[in-house]
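Chains as they are written, first to last, in numbering that gives the first Met the number 0: chain B, 0 to 119; chain A, 0 to 119; chain Y, 0 to 119; chain P, 0 to 119.
Think of the CB as a built atom: it goes at the ideal place given N, C-alpha and C, for glycine as much as any other residue.
Here the structure is a predicted model, which means the values were calculated and not measured.
Number of protein chains: 4
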Amino acid sequence: MTETAPTAAQTACFEAGIKFGSLYHQFAGTPISPDSADSIATAMEDAIENQPHCQSVDVWVDEVALEAALADSSAEYTELTGRFLEVEIVVVTEAYRVETRMEMQDGYPLMALESVRERS
Amino acid sequence: MTETAPTAAQTACFEAGIKFGSLYHQFAGTPISPDSADSIATAMEDAIENQPHCQSVDVWVDEVALEAALADSSAEYTELTGRFLEVEIVVVTEAYRVETRMEMQDGYPLMALESVRERS
Amino acid sequence: MTETAPTAAQTACFEAGIKFGSLYHQFAGTPISPDSADSIATAMEDAIENQPHCQSVDVWVDEVALEAALADSSAEYTELTGRFLEVEIVVVTEAYRVETRMEMQDGYPLMALESVRERS
Amino acid sequence: MTETAPTAAQTACFEAGIKFGSLYHQFAGTPISPDSADSIATAMEDAIENQPHCQSVDVWVDEVALEAALADSSAEYTELTGRFLEVEIVVVTEAYRVETRMEMQDGYPLMALESVRERS
């Protein structure tokens, strides 16, 4: 019989995924402009860092992409979506450290595990 | 026949309502703790001020209510909801200034028009 | 001195705005595909109809716009945003009936009051 | 040197976490009543099943908890939050099948990996 109970490393990766899905779907759709980019980035970091095992969250708004979207539009703001974001999240559990990252790839905001490291 | 075309004052009140519904439902559910209360309040203000005709948004997190909710809980954060918030939004259109407010009333976050003033 | 206390009609328009902002910012960002368009439209209607004074909410997903967005993409779903939606909301208070509508105008989802009618 | 590149099983667990965080933070705060519980549950299932590798999502609204919350309230609806939900999500990647579950534990909606199985 195959063992199917999750390992500590797998659980740490599951936790990291939760943080990414939370961050994205809590804040997608927020009205954003160059003037409000910094405060939403800070709020996203602080909010998600509240979640269990979340050691750090870093959010960058791609202001070039944001300005380009606004140049095409009749409005002075747009809605926050993945194409304006780069995000790094580090999750630390008792035994593991997991580094993750979201960035645009082929027009789609790809969330990926970067490394899974046993803590010594 | 009764005239049913909206007046400029009614349109300003409709705009004010949009801002309140947007603020509440964009940010409800955000993980919040005393440490992250300031940054989410600032982000809510800056985000909603992007919307058309929105002159100012002021958000206060009721830290006493927040601490009380956390004291009852096994977690160190909770989810943002109306009972932790007081909000004032001012909408200004060409002809009208509308002041609105949300605060707790009988356990329910009540959003209300405070004043509708013709601009001179 | 000018009277600034809101009228019953203005309050009804404020309520209508709340429903629109709520609907938009609760559901913007939801993963959507042609297969899930009907169930999210129904859920949006039922959820917002819970709010006070909300007599009816009708949501249509523009499947042509949705298919076009997916044809341009490497993914089989996208995120719900205003350009895929048409919405009608009717608010009824003791004295007024307010009809409102959201549809795309110049690439921007415009929410507008259609009529404000005194109830006889 | 320790190997830190994520395994296929860890990646599947990360994907499962994304689905859970997305589901929770997209829909938390939605107005909900006994009458709208079924349609929001269906919409949550269909929306999240759009995401990559997501084989199935099952959502149950705990109507007893919902009725109890409404009995304590002056309103006829409340906001969707974890204490009204049970959720099961199955993620299937090329090599792994991951089963996950969210349910209330000590007043906190706990998301957990149930099993991680190699596909034969």
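- A Cβ of chain P is located within less than 9 Å of the beta carbon of Y:Phe-26.
- Take the alpha-carbon of B:Glu-102 and the one of Y:Glu-87: they are about 36 Å apart.
- If you keep only unbroken alpha helix (DSSP H) runs of at least 4 residues inside the segment 45-85 of chain A, you get 62-70.
- Boundaries cannot be given for B:Glu-93, as no alpha helix (DSSP H) includes it and DSSP labels it neither H nor E.
- Non-local beta-carbon contacts of B:Asp-37 in its own chain, meaning distances under 8 Å to residues more than five positions away in sequence, involve Val-60 in chain order.
- The three-state reading of DSSP puts P:Ala-4 in coil, since its state is none of H, G, I, E or B.
- Close partners of A:Leu-112 in chain Y (Cβ separation under 7 Å): Pro-5, Gln-9, Thr-10, Phe-13.
- DSSP places B:Ala-111 inside the beta strand (DSSP E), whose first and last residues are 107-117.
- What B:Phe-19 touches in chain P, judged by beta-carbon distance under 7 Å, is Ile-17, Gly-20, going in chain order.
- Interface residue (Cβ-Cβ distance to chain B less than 9 Å): A:Thr-29 is classified as such.
- Under the three-state reduction of DSSP, A:Thr-10 is assigned to helix.
- DSSP places P:Thr-41 within a helical segment (H, G or I) once states are collapsed to three.
- Using a CB distance cut-off of 9 Å, A:Thr-92 does not count as an interface residue toward chain Y.
- Between Y:Ser-38 and chain B, the shortest Cβ-Cβ separation is not below 9 Å.
- Residue nearest to B:Val-58 within the set B:Ile-39, B:Ala-70, B:Gln-50, B:Ser-73 is B:Ile-39 (criterion: CA-CA distance).
- Counting only Cβ-Cβ distances below 7 Å, B:Tyr-107 has contacts in chain Y at Ser-73, Ala-74, in chain order.
- Inclusion of A:Cys-12 and Y:Phe-19 in the CB contact set at 9 Å is not warranted, their separation being larger than that value.
- Closest in alpha carbon position to B:Leu-112, among B:Arg-96, B:Phe-83, B:Pro-30, is B:Arg-96.
- Contact annotation for Y:Glu-78 against chain B: Ala-27, Thr-80 [CB-CB distance below 7 Å, chain order].
- The beta carbons of A:Gly-81 and A:Tyr-23 sit about 7 Å from each other, so the pair counts as a contact at 8 Å.
- Check the Cα spacing between B:Thr-29 and each of A:Met-110, A:Ser-21, A:Thr-10, A:Pro-5: the tightest is with A:Ser-21.
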